[in-house]
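These notes are about the structure you will find just below.
In UniProt numbering, the protein residues as written are 1 to 396.
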């Protein structure tokens, strides 16, 4: 689940790659000069590993679209050079991610100087909290990864220069406009809609996907001060009571009186089949499935106020890896305009590099979609919230 990472300024939110750019229909902020202009990356490469071929093990999680993206990027990368091979190791969201982080933490604490995880796609909650506590990941800079200069510098600073936000997405409302001609615009309007349309709204089990987790976290912090979303002090858990009461009150009006599908795709399937009329969904997944006609043509997307959470996908190099240079080289490729265009084209993600380095026509994929989101930096509190939800909401 991706909640952390980017600065929150008042009511405007810095997106992973969209500084000074708003993805709205009719937007005139250009990416470069002409309609298809793109500023090239510098003619630099990350430090290439010496000797023969090096294989790096890349551990990552995500939905099917993310798995397909990494397979595609791996193939493109390996066709371009013969020094580095990438072994993709898919780990299920939730327990699989935690098990991988536990291995990294254990290796660090044991003083090991090697580990078979050379590259890791980190989440924004417990992973970053563990890194902060145990100094697990390598410090990154443009000498190691030249294409970092294509990013908004603030995004690497926000991440402590330990993780690379290579793409981002936001959680939005996805709804059937034939059944919901006027979608809710605020949280209160959303909750009121749910009560007035019992059984027509669903969110997934928050431990199995970030869109459901976003719905839960947003409810917990609805009545708390705005700065609370950046507070990692466990004392704030005492203030979650009203939020959990709200979630419990909504449960009886949820899909099948409190059935929570597994994973982000679970709720999208319900929307596609007409079993519900509205769900929270990741922007990249919803946009992709709308364009592939996997969702009804009447499906539309909207953000509410205050916004749901969102955030980036992050790449990190464990400090115990024996193949750091090879990992840097692959990250450098992932940040190239060529690879970033694949992120947009394949999964409708927002690129990690600035739009000024991307073909301007790619912005059209996001026309009409507001992508404001809030970044919640909760650290270990995120896991506590998920456990409490299982007990108090799912288990009621």
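We put the beta carbon where it would ideally sit given N, CA and C, even for glycine.
- Going by C-alpha positions, residue 64 is about 33 Å away from residue 52.
- In terms of CA proximity to residue 197, 277 leads the group 277, 309 and 142.
- Taking residue 344 as reference, the option from 60, 166, 133 and 134 with the minimal CA-CA separation is 166.
- In this structure residue 393 is not in contact with residue 252, their Cβ atoms being roughly 11 Å apart against a cut-off of 8 Å.
- Fewer than three pairs of CB atoms, one per stretch, sit closer than 8 Å, so the segment 323 to 342 makes no contact with the segment 204 to 211.
- For the 8 Å CB-CB criterion, residue 136 and residue 357 do not form a contact.
- Just measuring C-alpha positions, the residue of 395, 58, 271 and 281 sitting nearest residue 178 is 271.
- Take residue 91, set aside five residues on each side of it, and the residues of its chain with a beta-carbon closer than 8 Å to its own are 59, 60, 61, 97, 99 and 100, in chain order.
- With distances taken between CA atoms, residue 81 lies nearest to 333 out of 385, 382, 391 and 333.
- One alpha carbon belongs to residue 189, the other to residue 310, and they sit about 21 Å apart.
- Going by beta carbons, residue 320 and residue 107 fall inside the 8 Å limit.
- Put simply, of 118, 130, 119 and 327 the residue whose alpha carbon is nearest the alpha carbon of residue 109 is 130.
- The Cβ atoms of residue 282 and residue 171 sit closer than 8 Å to each other.
- CA-CA distance, residue 70 to residue 308, rounds to 26 Å.
- Using a Cβ distance threshold of 8 Å, residue 347 and residue 269 do not count as a contacting pair.
- Between residue 243 and residue 260, the C-beta gap is not smaller than 8 Å, which leaves the two residues out of contact.
- In the DSSP annotation of this structure, the continuous segment of the beta strand (DSSP E) that includes residue 168 starts and ends at 164 to 176.
- Considered as a whole, the segment 186 to 264 harbours no complete run of any beta strand (DSSP E) with no fewer than 3 residues.
- Look at residue 296 here: in three-state DSSP terms it is coil, with no helix or strand label.
- DSSP links residue 55 through a beta bridge to 85.
- Residue range 310 to 316 is occupied by the beta strand (DSSP E) that includes residue 312.
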